[in-house]
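S.K.: The listed protein sequences derive, respectively, from chains A and B.
As numbered in my numbering, residues 11 to 157 make up the first sequence, in order.
As numbered in my numbering, residues 11 to 157 make up the second sequence, in order.
Yeah, the Cβ is synthetic: ideal placement off N, Cα and C, and Gly gets one too.
Quantities reported herein were computed from a predicted structural model and do not represent experimental measurements.
After the structure tokens below, expect a handful of questions from me.
There are 2 protein chains.
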Amino acid sequence: MSGDRATIQFLLEHLESAGKRSTPQRHAVCQALVEHGGHPTVAEIFERVRHTFPMISQATVYNTIDTLLDLGLIRPLELTSHEHTHYDLDLSPHVNLACTSCGQIHDVHSPLLDTLLDQLSGHSGYQIDRRTALVAYGLCPACKKPL
Amino acid sequence: MSGDRATIQFLLEHLESAGKRSTPQRHAVCQALVEHGGHPTVAEIFERVRHTFPMISQATVYNTIDTLLDLGLIRPLELTSHEHTHYDLDLSPHVNLACTSCGQIHDVHSPLLDTLLDQLSGHSGYQIDRRTALVAYGLCPACKKPL
DNA sequence: CTTGCTGCAAAAGATTTGCACGTGC
DNA sequence: GCACGTGCAAATCTTTTGCAGCAAG
């Protein structure tokens, strides 16, 4: 169940070693990503950053997130039941459990997943990206009970 | 590896038993979905249907697909590396392997997946939807080799 | 200095919606 | 005949892009 979430240091260091400039805006976006704690959307990051950086442009948030994605420092989560793209700071192989009722997203790590991915590689011949995000849908414990 | 793909009969029967009207447009959309054979997008279905039904509206295709989704007769596949939403006619638990190079999508059935989903249910307390589509990314055998 | 980054605003592109007409039942 | 489904076009909403000015290295 332990995570492997990126920290601000991790993000900024990798940005710099990739030759990207260290700007206040990028720092703010990275900070917002990390402090969000969950699986934020661009809109959520934009709102968060605006609190401390009111003049930031939406385009800059998109640019920064695209840069982080290109460098593989975060990964996108496409959730059928959610309208926006969420981002995951945990790059280790795990399953994202998404509640179809309340929208909460829960990270679950399981050794079986590694076995499954290995088996898939063998059977299919695919060279599977270990950072693949697997999303499973269901009802979380709270929503399972009568509302 | 065997699939469990919906047939035209399956789709039309379930539409009717849900009290939905049987229209030529819906028939055409269902036929296009099944005959596509893979994991079509709305745009691909629209194009296909236009061949035999030139005056059909894009909105009708979206409406029909939404109806099928509501009834759980098809399911959406959100693919990070693809711009459009693809749809899957195979409702059994399986993994969709998506090639990040050529975009091809491969269905893989594995008993391990069932075990994994069971284990996830137990550990997390989630009531997991068995129709959940798990998407894994990687390079397909063809793209793995030097291009 | 020089190039990359930012901000603004407009554009692009997919999906949704409103409404009047047509059609299945 | 009535309600639902369709077609058309406009609206909506997220994400992208062009460009001028600024700032990091």
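CB-CB under 8 angstroms to D14(B), same chain, minus the five flanking residues each way: which ones, in chain order?
M.R.: D100, L101 and S102, listed in sequence order.
S.K.: For G47(B), does the count of other Cβ atoms within 10 angstroms reach 16, so buried, or fall short, so exposed?
M.R.: Classification for G47(B): exposed.
S.K.: Which first and last residues belong to the beta strand (DSSP E) in which I75(A) is found?
M.R.: I75(A) -> not in any beta strand (DSSP E); alpha helix (DSSP H) instead, spanning Q68 to D80.
S.K.: Within the continuous beta strand (DSSP E) that includes L149(A), where are the two ends?
M.R.: A143 to L149
S.K.: Pull up the distance between the alpha-carbon of L126(B) and that of H61(B), whole angstroms please.
M.R.: 43 angstroms
S.K.: For the segment 67-82 of chain B and the segment 31-41 of chain B, state whether three or more C-beta atom pairs, one from each stretch, are separated by less than 8 angstroms.
M.R.: yes
S.K.: Please report the straight-line C-alpha distance between L81(B) and Y147(B), rounded to a whole angstrom.
M.R.: 28 angstroms
S.K.: Name, in chain order, the residues that DSSP records as bridge partners for A108(B).
M.R.: I115(B) and Y147(B)
S.K.: Using a Cβ-Cβ cut-off of 8 angstroms, state whether S111(B) counts as contacting chain A.
M.R.: At least 8 angstroms separates the CB of S111(B) from every CB of chain A.
S.K.: For A53(A), tell me which candidate among H116(A), E93(A) and H119(A) has the shortest Cα-Cα distance.
M.R.: E93(A)
S.K.: Mind checking whether R85(B) and R140(B) have CB atoms under 8 angstroms apart?
M.R.: Their beta carbons are not under 8 angstroms apart, which means R85(B) does not touch R140(B) by this criterion.
S.K.: Relative to chain B, which residues along the segment 112-135 of chain A have a C-beta separation below 8 angstroms, given in chain order?
M.R.: For the segment 112-135 of chain A, the set of positions with a beta-carbon nearer than 8 angstroms to some beta-carbon of chain B reads H116, V118, S120, L122, L123, T125, L126, L127, Q129, L130, S131, H133, S134 and G135 in chain order.
S.K.: Using CA coordinates, which residue listed in Q19(A), H24(A) and Q68(A) is at the minimum distance from E45(A)?
M.R.: Q19(A)
S.K.: Should C112(A) go down as buried or exposed, given a rule of 16 or more other Cβ atoms within 10 Å for buried?
M.R.: Counting Cβ neighbours within 10 Å, C112(A) comes out exposed, since fewer than 16 surround it.
S.K.: Could you tell me the distance, in whole angstroms, from the CA atom of A28(A) to the CA atom of G135(B)?
M.R.: 41 angstroms
S.K.: Just checking my contact of A168(A) with D98(A) at CB under 8 angstroms: how many whole Å lie between their CB atoms?
M.R.: Any question about residue 168(A) goes unanswered here, given that chain A covers just 11 to 157.
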